[in-house]
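Protein chains in written order, with this note's numbering: chain A, 1 to 160; chain B, 161 to 654. Heads up, the thing below is written out as structure tokens.
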Amino acid sequence: MEKTFFINGQEIKVSNYKKEANQISFTLNTQDYSYMMIARNGHEMILDNGGRFKAAVGSFSREGEAMIIANGREAVGAIAEKKMKKSGSRSGGLTSPMPGKIFKVLKDVGSKVKIGEVILILEAMKMEHSICSDKDGVIKKINYKVGELVKGGVSLAEVE
Amino acid sequence: MKIKKILIANRGEIALRVLKTAREMGIKVITVYAEDDKHLPHALFSDESYSIGEGTLQDTYLNKAKLIEVAKRSKADAIHPGYGFLSENAEFANMVEQAGIIFIGPTAESIILMGDKIGSKKALEKINIPLTPGYHGDDQSEETLVKEAKKIGYPILIKASSGGGGKGMRIVHQDFELLGAIRGAKSEGLKSFSSDKVLIEKYVQNPRHIEVQLMSDTHGNHLHFFERECSIQRRFQKVVEETPAPNINQQLRLKVCETAVEIARGINYRGAGTVEFIMAQDGTFYFMEMNTRLQVEHPVTEMVTGQDLVKLQIMIAQGDKLPLNQSEIKQKGHSIECRIYAEDPDNNFMPSIGRIDTIGAPSLRDVRLDCGYLNGTEVGVNYDPMLAKLVVWGETREIAISKSIHSLDEILFLGLKTNRDYLKRILSHGDFIAGNIHTHFIPDHKDELAPKIASSQDLADMIAALSFAEKRLIYQESHVMEKNPWTELVGFRN
């Protein structure tokens, strides 16, 4: 069986995927891998693939993503069919550089803006981040109001 | 007068740090919490805890009148400000003492003196403390600043007089950058600290940040607890701190420490303080600033000296004599602190927020995790992104490094992106291991500190872990505080 995963946004396909109780095997990049889960305690587990190591998987988000820590490495992962929505909908417009709170909205929908003009200000970690227009045009959409919390990478406004 | 009840005017790990020592001394503890912090351990584990409302920091942890009112109502006889927040606010120190409450910290005069970067240098010049060549004058006209800058010679550093944390700082290498930098530092200073006064200093190439822990009682005793090396910084924020400072001979170490003691004596200081020096590669050092509070990185000093600095703070505040003399303070072994930040070092250090599924705990001996969160608590955008401090002691620096790397793997902070892996890359870097460190270590080694590309083996390990977790696919709404095991206790608090 083929199965697709996303590790840090990168699509990874494995073949010969087989999962039984505490055993998983698959082929990745022509290499065969086989793992046994020796123990689990909450989010944490001990895996064995010829040598033992610790791993942990966090709670899955609405987008089907979870934090993975395996053998000391950290990543955000998702399983293809469980992934409900592409993470960080970056489709067009001006995106938030990081999670934060909308501190000020300086322009209205419909108003004209020049490239570099500040449309709104995001407050995150005690700092202000100006979200500036990326072109000369008219504001088509402003997606948030003052005081609202936003995630990183979401569209805040659109200029046409 | 013996202190019997302390109000801690802070949050997170430092509130818990002070609470611990107070408990050990048999002192009752009152904590305060902003509404969005009500599930955090500092709001739960004290003898009494009071809400200070919601809103901005000005409404909560920086609300002087409210804090004093809580202290009076709960009959606290002392207030410990922790670090940050109101710890270096002279007006607050005054208000506390006027309310008949002991302020566990220096006098308002010392706070004012050392909080003013120009004033403090003028005062220290008089007692012959080495200062970086620079201009600290009152004439703030652009002509004078330009003239003085050229006199000192490039590279120079322009900084806002009341600045901190890298705000209002500019490095200038060439003539054409000068005027823009002066104006930038002035406007940033005005915005952040309501003062556009700037000072200019010689910029030391590859400097080290060496600081000295001081403790002064009210009986004329001024002691040092040796130095800390805090050169590993990112954008002027410390990331890794250690003591003793590597590659410094004993003679230089003592000279630095004794200079710091002269400062404490010279200004008749009281309480815990830290003098920060900038040290050139040849060992020349200059006074940079004095922090009139307990530092974030104080635990490394506690690890190598075996002293409890918070206990000494409390003793000094109640008028006791320091219970030891200089010759009894010794450095034993080596200690390293790693600051765990909720940020994604592989994505431009963007802050991360969310719910912590599992923190984990260090298992090795002489390893301390000072942390202000519990499993299941939320990390939001309203406060500092520092989650915890991992403090490790080893007989040698080499052992302290290897224990730190091992321990970083044990504290997961699962659920959030953290800088743990980045810290491991710093600690494993050849130049760090060799002690070749300076304040530009991080920018200079940017490429080597970048994440290694995951191998097929790494990816396979992650896929296996993810697959085993699959049947536990549960969507967790963030802010699901009902799942917090401590929620039910909250009703018992006032």
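Here a beta-carbon is modelled for each residue, glycine too, at the ideal position from N, C-alpha and C.
*Give the DSSP bridge partners of B/R388, in chain order.*
DSSP lists B/E371 as the beta-bridge partner residues of B/R388.
*asked:* Considering Cα atoms alone, identify which of B/N409, B/L339 and B/I476 is closest to B/H379.
replied: Closest option to B/H379, Cα to Cα, is B/I476.
*asked:* Given this structure, state the Cα-to-Cα distance separating B/V189 from B/I168, to the nearest angstrom.
replied: One Cα belongs to B/V189, the other to B/I168, and the distance between them is close to 7 Å.
*Is B/T191 helix, strand or coil by DSSP?*
When secondary structure is reduced to three states using DSSP, B/T191 falls in the strand class.
*How about the segment 110–121 of chain A and the segment 136–144 of chain A: do they share at least three Cβ pairs that are nearer than 8 Å?*
Counting Cβ pairs under 8 Å, three or more are found: they touch.
_Cut-off 7 Å between Cβ atoms - residues of its own chain near B/Q473, not counting five sequence neighbours on either side_ = Answer for B/Q473: I264, G431, A432 and L454, listed in chain order.
*asked:* One question on the structure: do B/A283 and B/I427 come within less than 9 Å of each other, judged by their Cβ atoms?
replied: The answer is yes: Cβ separation under 9 Å.
*Report the rounded CA-to-CA distance for B/D196 versus B/E214, giving the unit in angstroms.*
Distance between the alpha carbons of B/D196 and B/E214 is about 7 Å.
*Does the beta-carbon distance from A/I131 to A/L156 come in below 9 Å?*
The answer is yes: Cβ separation under 9 Å.
_Beta carbons nearer than 8 Å to chain B: which residues of the segment 44–61 of chain A have them?_
For the segment 44–61 of chain A, which is checked against every Cβ of chain B, the residues closer than 8 Å are E44, M45, L47, N49, F53, K54, A55, A56, V57, G58, S59, F60 and S61.
*Compare the C-beta of B/I586 against all C-beta atoms of chain A and say whether one is closer than 9 Å.*
B/I586 is outside the set of residues whose beta carbon lies under 9 Å from a beta carbon in chain A.
*Figure out for me which residue from B/K577, B/E462, B/Q491 and B/A440 has the closest Cα to the Cα of B/N596.*
Closest by C-alpha distance to B/N596, out of B/K577, B/E462, B/Q491 and B/A440, is B/A440.
*Could you give the distance in angstroms between the alpha-carbon of B/N254 and the alpha-carbon of B/I212?*
Approximately 21 Å between the Cα atoms of the pair.
*Relative to the alpha-carbon of B/D544, which residue among B/E555, B/E488, B/G532 and B/V551 has its alpha-carbon at the smallest distance?*
Taking B/D544 as reference, the option from B/E555, B/E488, B/G532 and B/V551 with the minimal CA-CA separation is B/G532.
*Where does the unbroken beta strand (DSSP E) through A/A66 begin, and where does it stop?*
Going by DSSP, A/A66 is part of the beta strand (DSSP E) stretching over E65 to A70.
*In three-state DSSP terms, what is B/K311?*
The DSSP-derived three-state label of B/K311 is helix.
*Neighbour list for A/A80 in chain E, Cβ cutoff strictly below 7 Å*: Included in the structure are the protein chains A and B, with no chain E among them.
*What does B/G172 touch in chain A if you count any residue whose Cβ is under 8 Å from its own?*
From the beta-carbon of B/G172, no residue of chain A is found nearer than 8 Å; the closest lies around 14 Å away.
*May I have the straight-line CA-CA distance separating B/I565 from A/L28, to the nearest angstrom?*
Rounded to whole angstroms, B/I565 to A/L28 spans 29 Å at the Cα level.
*Between the beta-carbon of B/S376 and the beta-carbon of B/R413, is there less than 9 Å?*
Not closer than 9 Å, so no.
*What in chain B is Cβ-close to A/L149, meaning under 9 Å?*
For A/L149, the chain B residues whose Cβ falls inside 9 Å of its Cβ are I513, G540 and V541, in order along the chain.
_In DSSP terms, what B/T419 is bridged to_ = Within the DSSP bridge table, the entry for B/T419 names no partner.
_So, under 8 Å CB-CB, B/I174 and B/Y243 are touching, yes? Tell me the CB distance rounded to an integer number of Å._
Confirmed, Cβ separation roughly 6 Å.
*asked:* Helix, strand or coil, according to DSSP, for B/V541 in the structure here?
replied: Three-state result, B/V541: coil.
*alpha helix (DSSP H) containing B/A175: first to last residue?*
Taken as a continuous stretch (DSSP letters only), the alpha helix (DSSP H) holding B/A175 covers G172 to E184.
*My understanding is that B/A320 touches B/E285, with C-beta atoms under 8 Å, so please give their C-beta distance in whole angstroms.*
Actually they are not in contact, since the Cβ atoms of B/A320 and B/E285 sit about 20 Å apart, beyond 8 Å.
*Would you mind stating whether B/P404 and B/E418 have Cβ atoms separated by less than 9 Å?*
Judged by their CB atoms, B/P404 and B/E418 are not nearer to each other than the 9 Å cut-off.
*Tell me the start and end of each unbroken beta strand (DSSP E) in the segment 252–277 of chain B that is at least 3 residues and wholly inside, in chain order.*
DSSP runs (the beta strand (DSSP E)) wholly in the segment 252–277 of chain B: none.
_Taking beta-carbon pairs under 9 Å, can you tell me which members of the segment 618–629 of chain B lie near chain A?_
Residues of the segment 618–629 of chain B with a Cβ closer than 9 Å to any Cβ of chain A, in chain order: D618, L619, A620, D621, M622, I623, A624, A625, L626, S627, F628 and A629.
*Counting only beta-carbon atoms, is A/A124 nearer than 9 Å to chain B?*
At least one CB of chain B lies nearer than 9 Å to the CB of A/A124.
*For A/N49, which option in A/G152, A/A70 and A/S61 has the closest C-alpha, if you only look at C-alpha atoms?*
If we check each option's Cα against that of A/N49, A/A70 comes out closest.
*asked:* What does the Cβ neighbour count give for B/V332, buried or exposed, with the cut at 16 atoms within 10 Å?
replied: Counting of Cβ neighbours within 10 angstroms places B/V332 among the buried residues, the total reaching 16 or more.
*For B/Q373, is the classification buried or exposed, using 16 other Cβ atoms within 10 angstroms of its Cβ as the cut-off for buried?*
Buried, by the Cβ-count rule.
*At least one CB of chain A closer than 9 Å to the CB of B/D517: is that the case?*
For B/D517, at least one C-beta of chain A is nearer than 9 Å to its own C-beta.
*CB-CB under 7 Å to B/K643, same chain, minus the five flanking residues each way: which ones, in chain order?*
Its pLDDT being 40, under 50, B/K643 is placed unreliably in this model, and the coordinates cannot settle the point.
*Out of curiosity, what's the CA-to-CA distance linking B/L587 and B/D356?*
C-alpha separation (whole angstroms): 39 Å.
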